[in-house]
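Asks: So that we are looking at the same thing, I have put the structure below in structure tokens.
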Amino acid sequence: MLKPLTFSILRHLSDGEFHSGEAIAASLGVSRANIWYALKNVGQAGVALRRVRGRGYRLAGPIDWLDADQVARELGEESALFRIEILDTADSTNTRVLDRVNAPHGLVIAAEWQLAGRGRLGRPWHSALGDALTFSLLWRFPQGAGSLAGLSLAVSVAVVRALVRAKVSGLMLKWPNDILWRHRKLAGILIEIAGDAVGPASAVIGIGINVKLSSTTKAQIDQAAGDLGQAGCTMKRSALLACVLSDLADVLRLFSVEGFGPFAPEWQRLHAYHEKRVTLKMPDGSAIAGKIAGAANDGSLMLETKSGMRRFYGGEISFRHP
Ligand code: BTN
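Structural data, given as structure tokens:
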């Protein structure tokens, strides 16, 4: 866990030049010992720092900081739909938004460094300072939680649209909502719903996009992971956040009225495993073999099995056959 002072120092070093401990201390109004202490553990956050006797400190590589004003500028008029907060650190941005589920619609919390990101099926989501875009959006729907089953698939379409606008090609989806680049996981979505089955529901839409993963982060991830750097995209995280929020706004507006149906053809075109023979691994450990027939309008996976066409709402596609 890094202290606020550490973030102030890292921002101070963002010009990429050497700064002496003395100069940093004077400009931040603290002692040199405080500076040394605050920078002692930056390696934990994936930050590489050069320390040279007589010259001071310098960042080994730039940090792509988020900037709420820039996000708002890039969004233009659409920025009125969102209230964007950027935290230096958060355990999980989904947890931060869930804690404020009664906040105004459109709250966005993004973290420079997410310490305990959560993925689907109770898995961790790994990232380091500035190497991923990690944020969550609070969005209210008039319909009950029961009709939001296809939401995560619609959101995956929005993320792909945004990444295509950011000039990323070779994107595909894996049911229910993994975003792949050349069969490597590039982005993930975790949606948590508060509200009952019939009344209005609040969705916390959490999105993680790998921007430029450090080798340490890559080593923590237990599957093939890709990042935007590999995909040739150099868009900065603030511009990317604006791009994704803009496509999300369009998709969520239509989803609110018509559900997943209008997005189903686009989702299916992007699905990497359409008509492939797969095994669906269920959370209880069972496995069902079949051929993927697409996603239904409620977001369920349609699988042609030996006992006929079946729909699944959970589970994980695998190519290992039982
Ligand atoms: C998955 O593919 O398993 C879903 C990953 C979702 C990760 C994002 S990062 C921002 C938000 N906060 C979290 O704790 N999780 C989501």
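Offset between the sequence shown (1-based) and this note's numbering: plus 130. We treat Cβ as the ideally placed atom computed from N, Cα and C, and that holds for glycine.
May I ask you to check if the CB of Phe-265 is nearer than 7 Å to at least one heavy atom of the ligand BTN?
Replies: Reading the sequence shown from its first residue, position 135 is the one you call residue 265. Yes - the ligand BTN has a heavy atom lying nearer than 7 Å to the Cβ of Phe-265.
Asks: Alpha carbon to alpha carbon, how far is Val-328 from Gly-280?
Replies: Here residue 328 refers to the residue found at position 198 of the sequence shown. Here residue 280 refers to the residue found at position 150 of the sequence shown. Rounded to the nearest angstrom, the two C-alpha atoms are 16 Å apart.
Asks: Buried or exposed: Thr-364, going by 16 or more other Cβ atoms within 10 Å of its Cβ?
Replies: Residue numbering aside, residue 364 sits at position 234 when the sequence shown is read from its first letter. Flag for Thr-364 reads exposed.
Asks: What is the rounded straight-line gap between the Cα of Ile-319 and the Cα of Ser-416?
Replies: Indexing the sequence shown from 1 puts residue 319 at position 189. Indexing the sequence shown from 1 puts residue 416 at position 286. The alpha-carbon atoms of Ile-319 and Ser-416 are separated by roughly 24 Å.
Asks: Quick one: residues in its chain with C-beta nearer than 7 Å to the C-beta of Ile-165, no 5 flanking neighbours on either side, listed in chain order?
Replies: For the purposes of this step, residue 165 is identified with residue 35 of the sequence shown, where counting begins at 1. Contacts found: Ile-139, Gly-151, Ile-154, Ala-155.
Asks: Here's the rule I'm using: 16 or more other beta-carbon atoms within 10 Å means buried, otherwise exposed. How should Leu-237 be labelled?
Replies: Numbered from 1 along the sequence shown, position 107 holds the residue referred to as residue 237. It counts as buried.
Asks: Straight-line CA distance for Gly-146 to Ala-241?
Replies: Along the sequence shown, read from residue 1 onward, the residue named residue 146 stands at position 16. Along the sequence shown, read from residue 1 onward, the residue named residue 241 stands at position 111. About 22 Å.
Asks: State the Cα-Cα distance for the pair Leu-217 and Ile-239, rounded to the nearest angstrom.
Replies: Position 87 of the sequence shown, counted from the start, is the residue given in the question as residue 217. Position 109 of the sequence shown, counted from the start, is the residue given in the question as residue 239. One C-alpha to the other measures close to 7 Å.
Asks: Any contact between the stretch 321–337 and the stretch 262–276? By contact I mean 3 or more CB pairs, one from each, below 8 Å.
Replies: Cβ pair count under 8 Å is three or more, so yes.
Asks: Is Arg-230 close to the ligand COA? I mean its beta-carbon at under 7 Å from any heavy atom of the ligand.
Replies: Looking at this structure, you won't find the ligand COA anywhere; what it does contain is the ligand BTN.
Asks: Distance check for Lys-342 and Thr-225, CA to CA, integer angstroms please.
Replies: On the sequence shown, residue 225 is found 95 positions in, with the first residue counted as 1. On the sequence shown, residue 342 is found 212 positions in, with the first residue counted as 1. Whole-angstrom Cα-Cα distance: 24 Å.
Asks: Please confirm if the stretch 174–181 is in contact with the stretch 199–208, defined as three or more CB-CB distances below 8 Å between the two stretches.
Replies: At 8 Å Cβ cutoff, the stretches do not touch.
Asks: Compute the minimum distance between the beta carbon of Gln-273 and the heavy atoms of the ligand BTN, and state whether it is under 7 Å.
Replies: Start at 1 with the first residue of the sequence shown, and residue 273 comes out as number 143. The answer is no for Gln-273.
Asks: Once the 5 residues before and after Leu-143 are set aside, which same chain residues still bring their CB inside 7 Å of it?
Replies: Taking the sequence shown and counting its residues from 1, the one referred to as residue 143 is at position 13. Within the same chain, Leu-143 has close Cβ partners His-149, Tyr-187, Arg-188, Leu-189.
Asks: Please classify Pro-452: is it buried, with 16 or more other beta-carbons within 10 angstroms of its beta-carbon, or exposed?
Replies: Counting from one through the sequence shown, the residue named residue 452 turns up at place 322. With a pLDDT of only 49 at Pro-452, under 50, the local geometry of the prediction cannot be trusted, and the value read off the model is given with reservation. Flag for Pro-452 reads exposed.
Asks: Cβ of Ala-262 within 8 Å of Cβ of Cys-373?
Replies: Position 132 of the sequence shown, counted from the first residue, corresponds to residue 262. Position 243 of the sequence shown, counted from the first residue, corresponds to residue 373. In this structure, Cys-373 does not lie closer than 8 Å to Ala-262 by Cβ.
Asks: For the putative contact between Leu-310 and Ala-425, defined by C-beta atoms under 8 Å, what is the C-beta separation to the nearest angstrom?
Replies: On the sequence shown, residue 310 is found 180 positions in, with the first residue counted as 1. On the sequence shown, residue 425 is found 295 positions in, with the first residue counted as 1. In fact, because the Cβ distance is near 16 Å, the residues do not count as touching under 8 Å.
Asks: Pick from Ala-246, Thr-264, Phe-449, Gln-350: whose alpha carbon is nearest that of Leu-371?
Replies: Within the sequence shown, residue 371 is the residue found at index 241, counting from 1. Ranking the options by Cα distance to Leu-371, first place goes to Thr-264.
Asks: Taking just the CA atoms, how far does Arg-213 sit from Thr-136?
Replies: Along the sequence shown, one-based indexing puts residue 136 at 6. Along the sequence shown, one-based indexing puts residue 213 at 83. Cα-Cα distance, rounded: 26 Å.
Asks: So, are the CB atoms of Ala-354 and His-313 less than 8 Å apart?
Replies: The residue you call residue 354 lines up with position 224 of the sequence shown. The residue you call residue 313 lines up with position 183 of the sequence shown. Cβ distance < 8 Å, so Ala-354 and His-313 count as in contact.
Asks: Between which two residues does the alpha helix (DSSP H) containing Leu-375 stretch?
Replies: Taking the first residue of the sequence shown as 1, we reach residue 375 at position 245. 367–388 is the span of the alpha helix (DSSP H), which, as asked, contains Leu-375.
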